[in-house]
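Asker: First the structure, which I've put down as structure tokens, then a few questions once you've had a look.
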Amino acid sequence: MHLHLVDNCSSHINMAKMEIQELTKTANSLVTNNKGILAMDESNSTCDKRFVALGIPQTEESRRAYREMIVTTPGLSDCINGAILFEETIRQTLTDGTPFIQAVIKAGIIPGIKVDGGAKAMAARTGEKITEGLDGLRERLNIYSKMGLRFAKWRAVISVGDGIPSPICIEANAHALARYAALCQEVGLVPIVEPEVLMVGNHTLERCFEVTEDVLNAVFLQLYKQDVLLEGIILKPNMILPGLTCLDQASVADVADATVKCLLRTVPAAVPGIAFLSGGQTSELASARLNAMNLRFRSQLPWELAFSFARAIQQPAMELWDGKEKNVKKAQNALYQ
Ligand code: 13P
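Taking the working numbering, the leading residue of the sequence shown gets 20, the next gets one more, and so forth.
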């Protein structure tokens, strides 16, 4: 149960009480009732990369048909509160002519959109990335809000390796995340704040903990400095995991414990919800780890713990769909599962 105490808030002088209430309500609606957020916002190149691996044609029509299969899955809103769409999708329609945003709303799901321009190589920092997309963002967000979208997503990517991440990479990404979040709230969109510490590498679980703790501290410092209303955001972090090629892999309980410990140290209680990315974990592992966190700690936590998976929800369904109309029902059953 999340408390609603924002009415007397003094630091958000530019925000009307109604706007604060609206943001808080949307943020809470995204993580309520043990449901999560479906990330179906792969950029064209990422989506095509997944299609190539399965031999599905990499066309605009394939991406449209694939997303139609997802949003028309019967009962999808039993499990999903929100869906993050990609720019291309919000301008497409279902076969029957219904625009995607309307189809999502009709399915009882809150529509959102990925607004970052992708993580690009950072100047003078080998192996590190900075997410771009702030130029013109205010104007784009205004258009999205008028189209009926209610929340947005921006992903920062932090790699772990020899001598990285550098403090300046963490700071630059945290700064950009907070600038994006403040712009979103200005037009009533709830920002999903996603600082992802990548699983790639042979680092230990302890190292992932250390880096994630640094990153989250930097992010919340910037959100504070830039006057972002914490009650009106969702945090989308990585779980605390050993690197993919680390020889010492952790148990489900160890991951659950370390993740909750790290979040308790860094995420203010005012944040309504934390929705994890899957980051390349299998659907089974990502779900088992999230489940373990809720089973072990739920009653002691100030925020909801939910999912905002892309690969861990979609991969089995994409494989069954295989680009073919005749496989839609089978794929939708898998997605629902
Ligand atoms: P994964 O769950 O596949 O990591 O994707 C989540 C996401 O939205 C990445 O930005």
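All C-beta atoms in this analysis are idealised placements derived from N, C-alpha and C, irrespective of residue type, glycine included.
#1: Starting from Arg174, follow its DSSP beta bridges and name the residues at the other end.
#2: Select from Ala84, Asn53 and Phe170 the residue whose C-alpha is nearest the C-alpha of Gly116.
#3: With DSSP as the reference, label Leu324 as helix, strand or coil.
#4: Report the partner residues of Lys44 according to the DSSP bridge assignment.
#5: Alpha carbon to alpha carbon, how far is Asn192 from Gly152?
#6: Once you ignore the five residues that flank Glu190 on each side, which residues in its own chain have a CB closer than 7 Å to its CB?
#7: Mind listing, in chain order, the residues whose beta carbon lies closer than 5 Å to a non-hydrogen atom of the ligand 13P?
#8: Using DSSP bridges, identify the partner residues of Phe295.
#9: Leu73: buried (16+ other C-beta within 10 angstroms of its C-beta) or exposed?
#10: I'd like the span of the alpha helix (DSSP H) that includes Ala102, first residue to last.
#11: Pro93 lies in the alpha helix (DSSP H); which residues open and close that run?
#12: Measuring only the C-alpha atoms, how far is Arg317 from Pro118?
#13: Verify whether the separation of the beta carbon atoms of Leu57 and Ser306 is less than 9 Å.
#14: Please list, in chain order, all residues of the same chain as Lys44 whose beta carbon is under 6 Å from its beta carbon, the five residues on each side excluded.
#15: How would you label Val90, buried or exposed, when you count the other beta carbons within 10 angstroms and need 16 or more for buried?
#16: Measuring straight from C-alpha to C-alpha, what distance separates Ile129 and Gly146?
#17: Check each candidate in Val123, Glu106 and Ala122 and name the one with the smallest Cα separation from Arg159.
#18: As a quick exercise: from Ser302, Met59 and Leu283, pick the residue whose alpha carbon is nearest that of Leu320.
#19: Taking the alpha helix (DSSP H) that Lys125 falls in, what are its first and last residues?
#20: Answer yes or no: do Glu215 and Val176 have a C-beta to C-beta separation smaller than 9 Å?
#21: Alpha carbon to alpha carbon, how far is Met218 from Leu296?
#22: With a threshold of 6 Å on Cβ separation, who are the neighbours of Arg235 within its own chain once the five nearest residues in sequence on each side are excluded?
#23: With DSSP collapsed to three states, give me the class of Ala142.
#24: What number of angstroms, rounded off, separates the C-alpha of Cys281 from the C-alpha of Lys345?
#25: Taking 9 Å as the cut-off, decide whether the C-beta atoms of Ala272 and Thr301 are in contact.
Answerer: Put simply:
#1: As a working note, residue 174 is residue 155 in the sequence shown. According to DSSP, which records beta bridges pairwise, Arg174 is partnered with Glu213.
#2: Start at 1 with the first residue of the sequence shown, and residue 116 comes out as number 97. Looking at the Cα atoms, Ala84 is the closest of the given residues.
#3: Position 305 of the sequence shown, counted from the first residue, corresponds to residue 324. Looking at Leu324 - three-state DSSP - the assignment turns out to be strand.
#4: As a working note, residue 44 is residue 25 in the sequence shown. For Lys44, which the question treats as bridged, DSSP gives no partner whatsoever.
#5: The residue labelled residue 192 in the question sits at position 173 within the sequence shown. The residue labelled residue 152 in the question sits at position 133 within the sequence shown. Answer to the nearest angstrom: the Cα atoms are 12 Å apart.
#6: Taking the sequence shown and counting its residues from 1, one reaches residue 190 at position 171. Correct list, in chain order: Ala237.
#7: Ala58, Arg174, Leu296, Ser297, Gly298, Phe328, Ala329 and Arg330
#8: Locating residue 295 in the sequence shown gives position 276, counting from the first residue. Answer is Phe326, bridged to Phe295.
#9: Taking the sequence shown and counting its residues from 1, one reaches residue 73 at position 54. Leu73 is exposed by the Cβ-count criterion.
#10: As a first step, residue 102 must be located in the sequence shown, where it is residue number 83. No alpha helix (DSSP H) contains Ala102, which is instead part of the beta strand (DSSP E) from Ile99 to Leu104.
#11: Looking up residue 93 in the sequence shown gives position 74. In this chain, Pro93 is not harboured by any alpha helix (DSSP H), its DSSP state being neither H nor E.
#12: Here residue 317 refers to the residue found at position 298 of the sequence shown. Here residue 118 refers to the residue found at position 99 of the sequence shown. Each residue's Cα considered, the two are about 38 Å apart.
#13: As a first step, residue 57 must be located in the sequence shown, where it is residue number 38. As a first step, residue 306 must be located in the sequence shown, where it is residue number 287. Here Leu57 is not near Ser306, since their CB atoms are 9 Å or more apart.
#14: For the purposes of this step, residue 44 is taken as the residue at position 25 of the sequence shown. Here the set comprises nothing.
#15: Stepping through the sequence shown from its first residue, residue 90 is reached at position 71. Buried: at least 16 other Cβ atoms inside 10 Å.
#16: In the sequence shown, counting from the first residue as 1, residue 129 sits at position 110. In the sequence shown, counting from the first residue as 1, residue 146 sits at position 127. Approximately 36 Å between the Cα atoms of the pair.
#17: As a working note, residue 159 is residue 140 in the sequence shown. Considering only alpha carbons, the answer is Glu106.
#18: As a first step, residue 320 must be located in the sequence shown, where it is residue number 301. For the residues Ser302, Met59 and Leu283, the minimum Cα distance to Leu320 belongs to Leu283.
#19: Position 106 of the sequence shown, counted from the first residue, corresponds to residue 125. Start and end: Phe119 to Lys125.
#20: For the purposes of this step, residue 215 is taken as residue 196 along the sequence shown, with counting starting at 1. For the purposes of this step, residue 176 is taken as residue 157 along the sequence shown, with counting starting at 1. Their beta carbons are under 9 Å apart, which means Glu215 touches Val176 by this criterion.
#21: Taking the sequence shown and counting its residues from 1, the one referred to as residue 218 is at position 199. Taking the sequence shown and counting its residues from 1, the one referred to as residue 296 is at position 277. If you draw a straight line from the Cα of Met218 to the Cα of Leu296, it is about 11 Å long.
#22: Residue 235 sits at position 216 when you count from the first residue of the sequence shown. A quick correction: the sequence has Leu, not Arg, at residue 235. Thr285.
#23: Numbered from its first residue, the sequence shown carries residue 142 at position 123. In the structure shown, Ala142 sits in coil (DSSP, three-state: anything other than H, G, I, E or B).
#24: Reading the sequence shown from its first residue, position 262 is the one you call residue 281. Reading the sequence shown from its first residue, position 326 is the one you call residue 345. Distance between the alpha carbons of Cys281 and Lys345 is about 45 Å.
#25: Counting from 1 along the sequence shown, the entry for residue 272 is found at position 253. Counting from 1 along the sequence shown, the entry for residue 301 is found at position 282. No, the Cβ-Cβ distance between Ala272 and Thr301 is not below 9 Å.
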